[in-house]
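Visitor:
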Amino acid sequence: MKKTSIILFLLFQIALGIDISNITKHCNKGNMTACSILGDMYYVADNVPQDYAKAQKFWRKACHAREMNACYNLGVLYQEGQGVSQDYKQSLDLYTQACNVDHAAACLNLGYLYMGGLGVEKDEKKARDLYIKSCDGKKAEGCYSLGNLYFYGKGGDRDYEKAADLYAKACEYGHDDACDNLGVMYAKGEGIAKDYDKAREFFTKVCADNRAGACYNLGILFDYGYGVEQSYPEAIRLYTKACDMHHIKACYSLGIMYNKGDGVNIDYPKALGLYLKSCNMGHSNACYNIGAMYYDGMGVRRDTQVAGGYFSKACKFGDKKSCDMR
Numbered sequence: 002m003k004k005t006s007i008i009l010f011l012l013f014q015i016a017l018g019i020d021i022s023n024i025t026k027h028c029n030k031g032n033m034t035a036c037s038i039l040g041d042m043y044y045v046a047d048n049v050p051q052d053y054a055k056a057q058k059f060w061r062k063a064c065h066a067r068e069m070n071a072c073y074n075l076g077v078l079y080q081e082g083q084g085v086s087q088d089y090k091q092s093l094d095l096y097t098q099a100c101n102v103d104h105a106a107a108c109l110n111l112g113y114l115y116m117g118g119l120g121v122e123k124d125e126k127k128a129r130d131l132y133i134k135s136c137d138g139k140k141a142e143g144c145y146s147l148g149n150l151y152f153y154g155k156g157g158d159r160d161y162e163k164a165a166d167l168y169a170k171a172c173e174y175g176h177d178d179a180c181d182n183l184g185v186m187y188a189k190g191e192g193i194a195k196d197y198d199k200a201r202e203f204f205t206k207v208c209a210d211n212r213a214g215a216c217y218n219l220g221i222l223f224d225y226g227y228g229v230e231q232s233y234p235e236a237i238r239l240y241t242k243a244c245d246m247h248h249i250k251a252c253y254s255l256g257i258m259y260n261k262g263d264g265v266n267i268d269y270p271k272a273l274g275l276y277l278k279s280c281n282m283g284h285s286n287a288c289y290n291i292g293a294m295y296y297d298g299m300g301v302r303r304d305t306q307v308a309g310g311y312f313s314k315a316c317k318f319g320d321k322k323s324c325d326m327r
């Protein structure tokens, strides 16, 4: 399940140095927005020591007076177990209260609970309805999560066209993973007409934000010349950037290039190191390739015992051909 986040109400005022005594005074006089801000301050440790218990106290007070950001934030504390015992049912009740008055973030988190069966019976259809409500409230993650449900056919029929529309909306709201997914759909022609130029546009945008998946996907375009002039050097640059961010497929693809000498001189030790990095993250083909290098003595001293160990690892990760070579 995705990590939840606290909405820090009027945080810009905190950053300017709100007077804690003045805010406390307003809270004590019944100003529930002030109480909600006090909760924020204790949560982020701004001008006060961090204290989740006090954050919970002030958010609860504000929530009882129907300050919905406070109800949502309190729900996050219970969901994450911050300063309180983890309690999904409490989160469920608090998110429901806020979502019922169209709090987009609360609807999103409520959808997560239904999707994961946390504190409530799993219900993908209910999760879809909640993501719709969150997306309608212009919550980027809500549109992205809804797009995923349509893409994978969860909670209803699979619909690539709707998935693409929702990824586009989430991307417009600034969601990098949605932009990356939309790029993949343009590259494959899933739900929309194949368009490598648009795919490249989205991958480039998101790679610039240091998102490993987008850099890897952009690398594929240059590696194979999909909609661009084929360029091994550019593919290597992009795979390297993604691999440095621990992208399992990028490390494997980069290893292949050093193994075969695509755009670089053949470098078996470099290839082996990249395969090892990818294998350690669970890439079955990378583990198999290490086994093959040791079995054939390619860039390493031949060692069938070591080879067998990597073939076993590859088999464990699902590479069937390796299972017969242990």
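So in the numbering used here the end of the sequence shown lands on 327, straight run, no missing numbers.
Backbone N, C-alpha and C fix where the C-beta goes; we use that ideal spot for every residue, glycine too.
(1) Determine the direct distance from the alpha carbon of Gln98 to that of Ile38, and round the result to whole angstroms.
(2) Starting from the C-beta of Gln83, find all residues in its chain whose C-beta is less than 7 Å away, skip the five residues before and the five after it, and write them out in chain order.
(3) Since Leu167 is in the alpha helix (DSSP H), which residue starts that stretch and which ends it?
(4) Determine, using beta carbons only, whether Ala215 and Gly192 come nearer to each other than 8 Å.
(5) Within the continuous alpha helix (DSSP H) that includes Ser313, where are the two ends?
(6) Rounded to the nearest angstrom, what separates Ile69 and His104 at their Cα positions?
(7) On the CB-based measure, 16 or more other CB atoms within 10 Å of its CB, does Ala46 come out buried or exposed?
(8) Cα separation between Gly91 and Gln51?
(9) Could you check which residue in Val77, Tyr227, Val102, Val85 has the C-alpha nearest to that of Tyr113?
(10) Measure the beta-carbon distance from Gly300 to Ser254 and round it to whole angstroms, keeping in mind my assumption that it falls under 8 Å.
(11) Name the two residues that bound the continuous alpha helix (DSSP H) containing Gln87.
(12) Between the Cα of Ile249 and those of Ser279, Asp210, Leu222, Tyr269, spot the shortest distance and give me the residue it belongs to.
(13) Quick one: residues in its chain with C-beta nearer than 6 Å to the C-beta of Cys36, no 5 flanking neighbours on either side, listed in chain order?
(14) Please state if the CB of Tyr145 and the CB of Ala128 are separated by a distance shorter than 8 Å.
(15) Buried or exposed: where does Ala165 fall if 16 or more other Cβ atoms within 10 Å of its Cβ makes it buried?
(16) Classify Lys314: buried if its beta carbon has 16 or more other beta carbons within 10 angstroms, exposed otherwise.
(17) Just the C-alpha distance for Asp196 and Gly190, rounded to the nearest angstrom, thanks.
Guide: Let's see:
(1) 20 Å
(2) Tyr53
(3) 161-173
(4) no
(5) 305-317
(6) With the sequence shown as reference, residue 69 is identified as Met, and Ile is not the correct amino acid for it. One C-alpha to the other measures close to 7 Å.
(7) exposed
(8) As written in the sequence, residue 91 is Gln, which differs from the Gly given in the question. The alpha-carbon atoms of Gln91 and Gln51 are separated by roughly 23 Å.
(9) Val77
(10) That belief does not hold up - the Cβ atoms of Gly300 and Ser254 are roughly 18 Å apart, past 8 Å.
(11) Neither: Gln87 is in no alpha helix (DSSP H) and is coded neither H nor E.
(12) Ser279
(13) Cys28, Phe59, Lys62, Ala63
(14) no
(15) buried
(16) buried
(17) 7 Å
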